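*Asks:* Have a look at this one before I ask anything.
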Amino acid sequence: MKIVGVTACTAGIAHTYIVAQKIKDAAEAAGHECKIETQGSIGADNVLTPEEIEAADVVIIAHDIEVPKDRFKGKRVVDIPISTAMKNPKSLIATIEKKLAQ
C-alpha cells in the first residue's frame, strides 16, 4: 500500500516531526511505502507532489491545526488528531489496512 500524509501540531515543533517519523516507521514496518509532509514552525517540509498524492492508496492527516485538504479530493483520507497517531501508530496502520481490505 502507498501511504502519504501530513502532520501539523499547534506549536509546529516537536509533535509534527515525531508523529511523521512514527507513522513512517509503522507503515514501513508493515511493508508499505510512506511519505509524510510536515507543516511545522519552519513551514512545509517533505512536500507531497501531485503525483505522489495521485498514486497513494490513502492519505493520513494527523493534526491539531487546520490543514487544507482540497488537494486530497477523491482520495481516502484518514483525518485524526495528532495525539492519536502519537500514541499508537502501529494500531493506526493496522486499522487502515483492515478498512481498505473491506
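For the sequence shown, UniProt numbering assigns the number 1 to the initial residue and increments by one for each residue that follows. Note that CB positions come from ideal geometry on N, CA and C, so glycine has one too. What you are looking at is a predicted structure, and each value in this text was computed from that prediction instead of being measured.
Under 7 angstroms between the Cβ atoms of ASP63 and ALA101?
*Replies:* It is His, not Asp, that sits at residue 63 in the sequence shown. Not in contact: HIS63 and ALA101 (Cβ atoms no closer than 7 angstroms).
*Asks:* Using a 10 Å radius around the Cβ and a threshold of 16 neighbouring Cβ atoms, would you call LYS99 buried or exposed?
*Replies:* Looking at its Cβ environment, which holds fewer than 16 other Cβ atoms inside 10 Å, LYS99 is exposed.
*Asks:* Could you pull out every unbroken beta strand (DSSP E) segment of at least 3 residues lying fully inside the UniProt domain "PTS EIIB type-2" (1–98), listed in chain order?
*Replies:* As far as the UniProt domain "PTS EIIB type-2" (1–98) is concerned, its whole beta strand (DSSP E) runs of at least 3 residues are 2–8, 33–40, 43–45, 58–63 and 77–81.
*Asks:* Assuming contact is defined by CB atoms lying nearer than 7 angstroms, are ILE82 and VAL19 in contact in what I supplied?
*Replies:* The answer is yes: Cβ separation under 7 angstroms.
*Asks:* Kindly indicate which residue of HIS32, GLU37, THR49 and ASN88 has the alpha-carbon position closest to the one of VAL67.
*Replies:* For VAL67, the nearest C-alpha among the options comes from GLU37.
*Asks:* Considering only C-alpha positions, which residue in the set ARG76, LYS69, ILE42 and LEU48 is nearest to ASP57?
*Replies:* Taking only the C-alpha atoms, the option nearest ASP57 is ARG76.
*Asks:* One question on the structure: do LYS35 and GLU52 come within less than 7 angstroms of each other, judged by their Cβ atoms?
*Replies:* For LYS35 and GLU52, yes; Cβs fall inside 7 angstroms.
*Asks:* Comparing alpha-carbon positions, which option in HIS32, GLY74, ASN46 and GLY43 lies nearest ILE96?
*Replies:* Taking only the C-alpha atoms, the option nearest ILE96 is HIS32.
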